[in-house]
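Residue numbers for the sequence shown follow this note's numbering, so the first one is 0 and each next one is one higher. Just so you know, even glycine gets a beta-carbon here, dropped at the ideal spot from N, CA and C. Report on the following structure.
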Amino acid sequence: MKIRLSEKAIRQYLILPKSIQRKADKQFAYLLENHQHPSLNIKKYQGFEDLWQGRIDKGYRFYFYIIDPDYIIISIIIHPR
């Protein structure tokens, strides 16, 4: 499997603080190694079929689809609490 970012996710990633970019990179590596890693807190996003949410840290989330064989990251945003 590979991680692919949509154009929107790339734009969002590039404007993140460098510290959050490093955390995102680490979380994406965990996603590839073990999608059940506890720090990812992966769960299906309510109201959308096949859309998943993962945690970067307490304040940021990423949203993705699984399109075999890839994880397609579509958005990286501040967590909407």
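What are the partner residues of Arg-54, as DSSP defines its beta bridges? What you label residue 54 is simply residue 55 of the sequence shown in a count that begins at 1. Note: Arg-54 sits in a beta bridge opposite Arg-60.
Given Ile-76 as reference, the closest of Tyr-12, Asp-67, Lys-25 and Asn-33 once Cα atoms are compared: Residue mapping note: residue 76 aligns to position 77 of the sequence shown, counting from 1. The option with the nearest alpha carbon to Ile-76 is Tyr-12.
Please report how far the alpha carbon of Lys-43 lies from the alpha carbon of Pro-79, in whole angstroms. To locate residue 43, count along the sequence shown from 1; it is residue 44. To locate residue 79, count along the sequence shown from 1; it is residue 80. Roughly 16 Å separates the two Cα atoms.
Could you tell me the alpha carbon to alpha carbon distance between Gln-26 and Ser-18, rounded to whole angstroms? Here the question's residue 26 lines up with position 27 in the sequence shown. Here the question's residue 18 lines up with position 19 in the sequence shown. The straight-line gap from Cα to Cα measures roughly 13 Å.
Expressed to the nearest angstrom, what Euclidean distance is found between the alpha-carbon atoms of Arg-10 and Pro-16? On the sequence shown, position 11 is the one that residue 10 refers to. On the sequence shown, position 17 is the one that residue 16 refers to. Their Cα atoms are separated by approximately 13 Å.
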